[in-house]
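Let me begin by presenting the structure, written as structure tokens, before commenting on it.
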Amino acid sequence: MSGFSADWLRLREPLDAAARDPGLAHRFAAALPERPRLLDIGAGTGSALRWLAPRLGRPAQRWTLADGDDALLAAAPRAVAGWAARQSWLHLEAETLRTDLAAGFEALDLPGRDGVVASAVLDLVSEAWAGRFAAALAAAGRPPVLAMLSVDGRVAFDPPDADDAFVLERVAVHTGRDKGFGPALGARAPHVVAAALERAGYAVTLAASDWRLDPAADGDDGTAAALRALVAGYAAAATETDPGAADRIAAWAAWRGSTPAVLQVGHRDLLAVADRTPVMPSPARTC
């Protein structure tokens, strides 16, 4: 269900690693048992595992990497095993699960999970799906949830260009199109999903997890390649939304692709833990 190519996932992994909020990860870890059983939905090749597992402080971890993309799931075991072999302190069990999240949650075995992880997933789903997912989590006993890197609609180039807004407005429309779950939440995801989880009995915290791409400062060919890929992706999405503006969008992409720039893309991480706040009885009424 990730909907991303392996090449793009490779480019974005260092951006994700730099952006994710370590404080929420620490609080997620505190809510887990000693030998946690973790579910990663939309797992791709295991990027979230590679970032989060060392931060959990648990030498024994069992992960299920769930995705609907056969190619990514086929690549995940080797990618995870190669990484895990360098973590001498970690006893890691990892399995893959091919599943269509749009079809329901039964295959995920939510009652058998001590924690649920997602990364760059919740902006793809619909509001109705988010409500059903929150209800399924509640029925499973409210395991803690760490959902990272949901876009929040903030995109800014420096230096700016007069056509940035023109293109990005069309990208925003494309972001809200159906990705297999109904109309996608896009930039609404952090707050819509937070509200759904709160209604399901969770206490929710949001934190910024913005990408900042500055090839000149990073001195990294990977950052420059990621920036070019993002510009190309924005142009493709904008053109699909507004084919009549294809020439204008192509001119913007050509200028952006040849002009040094810094790009900031807004994201939010979300932590949800069972709300243990006691319900206070109503004060007695007297007549």
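Each residue of the sequence shown is one higher than the one before, counting from 1 in full-length UniProt numbering.
Virtual Cβ for every residue (Gly too), placed ideally from N, Cα, C.
Problem - Length-filtered (4 minimum) alpha helix (DSSP H) runs lying within the region 205-261 - result: The qualifying runs are 215-218, 221-241 and 246-258.
Exercise for the section: Output yes or no for whether 7 Å exceeds the beta carbon distance between residue 151 and residue 249. Expected result: One-based indexing of the sequence shown puts residue 151 at position 151. One-based indexing of the sequence shown puts residue 249 at position 249. The answer is no: Cβ separation not under 7 Å.
Problem - Beta-carbon gap between residue 186 and residue 102 smaller than 7 Å - result: What you label residue 186 is simply residue 186 of the sequence shown in a count that begins at 1. What you label residue 102 is simply residue 102 of the sequence shown in a count that begins at 1. Taking 7 Å as the cut-off, the Cβ atoms of residue 186 and residue 102 do not count as close.
Exercise for the section: Count the other CB atoms, across all protein chains shown, that sit within 10 Å of the CB of residue 91; report buried if there are 16 or more and exposed otherwise. Expected result: Counting from 1 along the sequence shown, the entry for residue 91 is found at position 91. When all chains shown are included, residue 91 counts as exposed.
Exercise for the section: Within its chain, find whatever has a CB closer than 8 Å to the CB of residue 26; leave out the 5 residues flanking it on each side and keep chain order. Expected result: For the purposes of this step, residue 26 is taken as residue 26 along the sequence shown, with counting starting at 1. Counting only Cβ-Cβ distances below 8 Å, and skipping sequence neighbours, we find 55.
Exercise for the section: Measure from the alpha carbon of residue 65 to the alpha carbon of each residue in 34, 28, 116 and 89, then state which is nearest. Expected result: Translated into the one-based positions of the sequence shown, residue 65 becomes position 65. Looking at the Cα atoms, 116 is the closest of the given residues.
Practice task
Return the first residue and the last residue of the alpha helix (DSSP H) that residue 74 is part of.
Solution key: Position 74 of the sequence shown, counted from the start, is the residue given in the question as residue 74. It spans 70-84 - the alpha helix (DSSP H) in which residue 74 sits, taken as one unbroken run.
Handout entry: Between the CA atoms of residue 207 and residue 158 - distance to the nearest angstrom
Key = The residue given as residue 158 occupies position 158 in the sequence shown. The residue given as residue 207 occupies position 207 in the sequence shown. CA-CA distance, residue 158 to residue 207, rounds to 23 Å.
Practice task
Mark residue 13 as exposed unless 16 or more other C-beta atoms lie within 10 angstroms of its C-beta, in which case mark it buried.
Solution key: What you label residue 13 is simply residue 13 of the sequence shown in a count that begins at 1. Buried, since its Cβ has 16 or more Cβ neighbours within 10 Å.
Handout entry: Per-residue burial, residue 177 [other beta carbons within 10 Å of its own, 16 or more giving buried]
Key = The count along the sequence shown starts at 1 and reaches residue 177 at position 177. That one is exposed.
Handout entry: residue 157 - partner residues in DSSP beta bridges
Key = Your numbering for residue 157 matches position 157 in the sequence shown. Residue 157 has 263 as its beta-bridge partners, per DSSP.
Practice task
In the DSSP assignment, find the unbroken beta strand (DSSP E) run with residue 98 in it and report its ends.
Solution key: For the purposes of this step, residue 98 is identified with residue 98 of the sequence shown, where counting begins at 1. Taken as a continuous stretch (DSSP letters only), the beta strand (DSSP E) holding residue 98 covers 91-98.
Exercise for the section: Could you tell me whether the Cβ of residue 116 comes closer than 7 Å to any Cβ of chain B? Expected result: Chain labels in this structure do not include chain B; a single protein chain is all it has.
Practice task
To the nearest angstrom, report how far apart residue 105 and residue 139 are at their CA atoms.
Solution key: By 1-based counting over the sequence shown, the position of residue 105 is 105. By 1-based counting over the sequence shown, the position of residue 139 is 139. Residue 105 and residue 139: Cα-Cα distance of roughly 11 Å.
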